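Colleague:
2 protein chains.
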Amino acid sequence: MSVYTPPILTVDNVVFSLIAGDLSVLLIERANDPFKGVRALPGGYNAAGETTMDAVARVLKSKAGINLSELNYIEQLYTFDTVARDPRGHAVSVSYMGLCRDIVIPLDKGLQNPQFFPVKNLPKLAYDHVDIISYAHTRLCFKITYTNVVWALLPNMFTLTQLQSAYESILMKSLDKRNFRKKFLSLGLVVASKEFFKDGAHRPARLYKFKKQSLEVLSRSFD
Amino acid sequence: MSVYTPPILTVDNVVFSLIAGDLSVLLIERANDPFKGVRALPGGYNAAGETTMDAVARVLKSKAGINLSELNYIEQLYTFDTVARDPRGHAVSVSYMGLCRDIVIPLDKGLQNPQFFPVKNLPKLAYDHVDIISYAHTRLCFKITYTNVVWALLPNMFTLTQLQSAYESILMKSLDKRNFRKKFLSLGLVVASKEFFKDGAHRPARLYKFKKQSLEVLSRSFD
DNA sequence: ATAGTTATTGTGATATTGACACTTACTATT
DNA sequence: AATAGTAAGTGTCAATATCACAATAACTAT
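Order-wise, the sequence lines are chains A and B.
The opening position of the first sequence corresponds to residue 2 in the numbering used here, with each subsequent residue numbered one higher.
The opening position of the second sequence corresponds to residue 2 in the numbering used here, with each subsequent residue numbered one higher.
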C-alpha cells in the first residue's frame, strides 16, 4: 500500500447542445502537447480531495468558460482506463455527459478556443475522445426513449415541431409527425400552454412545456 | 502537473449469482482496518499500468479465489468518488457488476472468507458498498428487461419455470406464468430443446436454452 | 383573392398487454 | 389399478399501443 502508485485520474466532459438544429459537442483546442492544437473534450486532472464533478466544474470553467450551472443536466457516463490512452502514461478518465440549451460561449483569451461542433461532422480528436463521444451519443439515444431528458436541450417553451426535431437530430433519423405527436403526448411528460409561436407566413404553433424540469424516468416492465 | 496528487484508485466488484433461488452477492470479510471483520465487496487497489478489469481479476482471485473467467458476464457500473468514502483518504472506486452461475467458492485459508449473501438480507457492509450493490441491482433490473443477460445466471439448459423464477428473484416481484411465457418466447431469445427435466412427482418440464451465450440487446424505438 | 408555408388532426389494420383457470403428465400411495 | 398430489403447459378477451398514411387549418406575403 505504501509502494502502491495509482494511475493519474482525469475527467472528460461531453457537453451536448442543439446548435442550429444539429446535435453538437463542445470541444476545446489543446494548448499543449500531446495533441497540441488538436480538438478535444474539455477535461483535465482530478486531484485528491475533489470529486470528479468538482473537477468537471473546474475544467469546464477554466478551459471553456462555462459554469456547471449552465448545464441543465449532467450525469456520469463511463470510466475509460486503457493503459495506452494517454501517451504520457496511464491516465484513467471518468467521463460525464452534460446537456444544455443554446448558450453563449465567452470569447476569452484565457480559454482554449471552445466551440460546438456537430456530432455528424467532427474534427480530428485527441486521445480516445471519439469513443467517449460515441458512448455518450449512444447513451443519449437510449435515454430519450425512456426519460424526459430532452427537456435539458430545449427552451422552456417549445413547439412540437421543435421537440420532434430534437429527437430527429439526436437519433439521426426522421420520424412520422402524426405518430410522434400522438405517442409523445400520451406519455404525459409535457403540457400544452395557451401560447403560440409565430414564426413566418404560416400557421402559428402551439407552445408546450415539460411538466418537470428535472429527470423523469418512465418505467418499463415485464408483466 | 508535477505537484498534482491524484486520489487513490480502487475497484469494487458486485458479483451476483442465484443461490437457492435467491439473488445473492459475493462478499468477503475485511482482514484489516478500516472495517476489520466487516463484510465488503471484493475490491482493492488499482495500480498504474493495469486496467480496472485487470485489477478486478487480481482482486477476485486473491480475495475470493474466483477466476474472472468463471463470470459469464461482467460490465463496468459506475465510479464512486465522494471524498469521504474511505476514512483513510480520498479513494475513487470504479465498480463492476459480474454475473455467474452457481459456482464453488474455494475454502482456502488465504482467502477472506468469501460467501454469497442474499440481496434481500445483507449483513452490515463496509464503506458505501450498500450503495454500490443497490446501484448494481437497479441496473440489473433494467437490463433484464431489454437484454438476454439472465443467460449469465442460468445453467445452459433450463426450464421456463427456472427462467421465470430468475426474473422474479431479480425484480423481487411475482409474475404471471402465462403472460411471462408468452412474452418471453415472443422475444425470440431462447429456443426449446427436445429434452425434459424430470424433477419429482409431476409433469416433466421442457428444457430451453438461449440462442446466444453473449449479450443480446433488444432495440426499443421511437417510431 | 391567391399562393405559399407550416401546424394540426384521424382511421384502420395489426401487434402487444394484461387479467384470468383449466387440462396434462408424471409419481407416490393405497 | 385407481386416486391424490404436484408442477407443467396452454387460450381468450378486452384494452391498449403501433404503424402506415393524407387532408384540412391558420397564418403571411404578394
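Glycine residues also receive a C-beta, built at the ideal position from the N, C-alpha and C atoms.
Quick caveat, the model's predicted, so the values are computed rather than measured.
Compare the beta carbon distance of residue 28 of chain A and residue 118 of chain A with 8 Å and say whether it is the shorter of the two.
Modeller: yes
Colleague: Determine the burial state of residue 199 of chain B: buried for a count of at least 16 other Cβ atoms within 10 Å of its Cβ, exposed for fewer.
Modeller: exposed
Colleague: For residue 1 of chain A, which residues of its own chain have a beta-carbon under 6 Å away from its beta-carbon, when the five flanking residues on both sides are left out?
Modeller: Because chain A is modelled from 2 through 224, residue 1 of chain A falls outside the range shown and cannot be assessed.
Colleague: For the alpha helix (DSSP H) holding residue 77 of chain B, just list the boundary residues, first then last.
Modeller: No alpha helix (DSSP H) holds residue 77 of chain B; the beta strand (DSSP E) holding it covers 74-81.
Colleague: Would you decide whether residue 5 of chain B is buried or exposed? Buried here means 16 or more other CB atoms lie within 10 Å of its CB.
Modeller: A residue is called buried once 16 or more other Cβ atoms fall within 10 Å of its Cβ, and residue 5 of chain B, having fewer, is exposed.
Colleague: Once you ignore the five residues that flank residue 84 of chain A on each side, which residues in its own chain have a CB closer than 7 Å to its CB?
Modeller: So the list reads 91, once near-sequence residues are dropped.
Colleague: Report all residues from its chain with a CB closer than 6 Å to the CB of residue 2 of chain B; omit the five preceding and five following residues, and keep chain order.
Modeller: Any reading at residue 2 of chain B needs caution, since the residue's pLDDT is 49, under 50, leaving its predicted position unreliable; the model's value is listed next. For residue 2 of chain B, there are no CB contacts under 6 Å within the same chain when 5 residues up- and downstream are skipped.
Colleague: Quick check: is the beta carbon of residue 97 of chain A nearer than 8 Å to any beta carbon in chain B?
Modeller: no
Colleague: Return yes when the Cβ of residue 78 of chain A is within less than 8 Å of the Cβ of residue 97 of chain A, no when it is not.
Modeller: yes
Colleague: Got a sec, what are the start and stop residues for the alpha helix (DSSP H) residue 132 of chain B sits in?
Modeller: Segment 130-147, the alpha helix (DSSP H) holding residue 132 of chain B.
Colleague: Once the 5 residues before and after residue 134 of chain B are set aside, which same chain residues still bring their CB inside 8 Å of it?
Modeller: Cβ neighbours of residue 134 of chain B beyond the five flanking positions: 15, 26, 42, 120, 123, 126.
Colleague: Going by C-alpha to C-alpha distance, which of B:191, B:114, B:202, B:216 sits closest to residue 208 of chain B?
Modeller: If we check each option's Cα against that of residue 208 of chain B, B:191 comes out closest.
Colleague: In whole angstroms, give me the CA-to-CA distance for residue 108 of chain A and residue 169 of chain B.
Modeller: 56 Å
Colleague: Any idea what DSSP makes of residue 210 of chain A, helix, strand or coil?
Modeller: strand
Colleague: Does the beta carbon of residue 154 of chain B come closer than 8 Å to any beta carbon on chain A?
Modeller: no
Colleague: If the criterion is Cβ atoms closer than 8 Å, does the pair residue 60 of chain A and residue 44 of chain A meet it?
Modeller: yes
Colleague: Does residue 207 of chain A come within less than 8 Å of chain B when only Cβ atoms are used?
Modeller: Not closer than 8 Å to any Cβ of chain B, the Cβ of residue 207 of chain A fails to qualify, so no.
Colleague: Mind checking if residue 149 of chain A is an interface residue toward chain B, Cβ cutoff 8 Å exclusive?
Modeller: no
Colleague: Show which residues of chain B have a CB atom less than 8 Å away from the CB atom of residue 8 of chain A.
Modeller: 7, 10, 47, 48, 49, 50
Colleague: Rounded to whole angstroms, what is the Cα-Cα separation between residue 54 of chain A and residue 11 of chain A?
Modeller: 11 Å
Colleague: Between the region 61-92 of chain B and chain A, which residues of the former have CB atoms less than 8 Å from a CB of the latter, in chain order?
Modeller: 77, 79, 80, 82, 83, 84, 90, 91
Colleague: Can you give the beta carbon distance from residue 151 of chain A to residue 137 of chain A, rounded, assuming they're within the 8 Å contact cut?
Modeller: About 15 Å; that fails the 8 Å criterion.
Colleague: Could you give the DSSP three-state label for residue 205 of chain B: helix, strand or coil?
Modeller: coil
Colleague: In whole angstroms, give me the CA-to-CA distance for residue 111 of chain A and residue 65 of chain A.
Modeller: 9 Å
Colleague: Taking a contact to mean a Cβ-Cβ separation below 8 Å, would you say residue 95 of chain A touches residue 80 of chain B in this structure?
Modeller: yes
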